[in-house]
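Below is one structure; the comments refer to it alone.
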Amino acid sequence: AAQAIDFVNEKGGLSAEIEAGGRNLSGGQKQRLTIARALVKKPEILILDDSASALDYATDARLRRAISDFSKDMTVFIVSQRAASVMHADKILVLDDGHAVAEGTHRELLDSSEVYREIYETQFGEGASE
Numbered sequence: 375a376a377q378a379i380d381f382v383n384e385k386g387g388l389s390a391e392i393e394a395g396g397r398n399l400s401g402g403q404k405q406r407l408t409i410a411r412a413l414v415k416k417p418e419i420l421i422l423d424d425s426a427s428a429l430d431y432a433t434d435a436r437l438r439r440a441i442s443d444f445s446k447d448m449t450v451f452i453v454s455q456r457a458a459s460v461m462h463a464d465k466i467l468v469l470d471d472g473h474a475v476a477e478g479t480h481r482e483l484l485d486s487s488e489v490y491r492e493i494y495e496t497q498f499g500e501g502a503s504e
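When the letters of the sequence shown are read in order and numbered with our numbering, they come out as residues 375 to 504.
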């Protein structure tokens, strides 16, 4: 689910040595290993705080799909600056200068929240469709 198996196998498999501080891993690899460690515990609540910041958009999309499939019995909170990371969430809370300014689904927020719409259009282009 954490999109880690390919690079883990490239590094020598599950018995590969990880240097202190993960110096022999990229930022995205560190993020995916951290997510894998969290998922293996099958928590009731999973909090992903900017968990895709070092991932390219394609890996982020695969990761989100896998986490969605894997986390059916979990409550998942995703903190992200990427609209793509949260647009399929049941509920999105929009913050502006540390204050909650809107909440709803992606579609509801596109219709009702100028702040969310600006974020979305900045990342996907004005007039972008879902």
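Virtual Cβ for every residue (Gly too), placed ideally from N, Cα, C.
Closest residue to residue i among the options (Cα-Cα distance)
i: Ser445; options: Lys416, Lys385 and Gln497; result: Lys416
i: Lys404; options: Val468, Leu429, Ala474 and Ser389; result: Leu429
i: Val453; options: Leu467, Gly401 and Phe381; result: Leu467
i: Asp471; options: Asp485, Ser486, Thr408 and Gln455; result: Gln455
i: Ser400; options: Thr496, Leu469, Val414 and Lys385; result: Lys385
i: His473; options: Val489, Glu495, Ser389 and Phe381; result: Val489
i: Gly402; options: Thr496, Val382, Tyr494 and Leu483; result: Val382
Per DSSP, the bridge partner or partners of residue i
i: His473; result: Asp470
i: Leu422; result: Ile452
i: Gly478; result: Ile466
Status (buried if at least 16 other CB within 10 Å, exposed otherwise) for residue i
i: Arg411; result: exposed
i: Ile419; result: exposed
i: Ile421; result: exposed
i: Ser487; result: buried
i: Asp434; result: buried
i: Gly387; result: exposed
i: Leu469; result: exposed
Presumed contact (8 Å Cβ cut-off) between residue i and residue j, rounded CB distance
i: Ala457; j: Phe498; result: 7 Å
Are the region 459-471 and the region 424-438 in contact at 8 Å, needing three or more beta carbon pairs?
-> yes
Stretch pair the region 445-452 + the region 471-481: three plus CB contacts closer than 8 Å | no
Just checking, does the region 417-426 make contact with the region 388-398 on the three C-beta pairs under 8 Å criterion?
-> no
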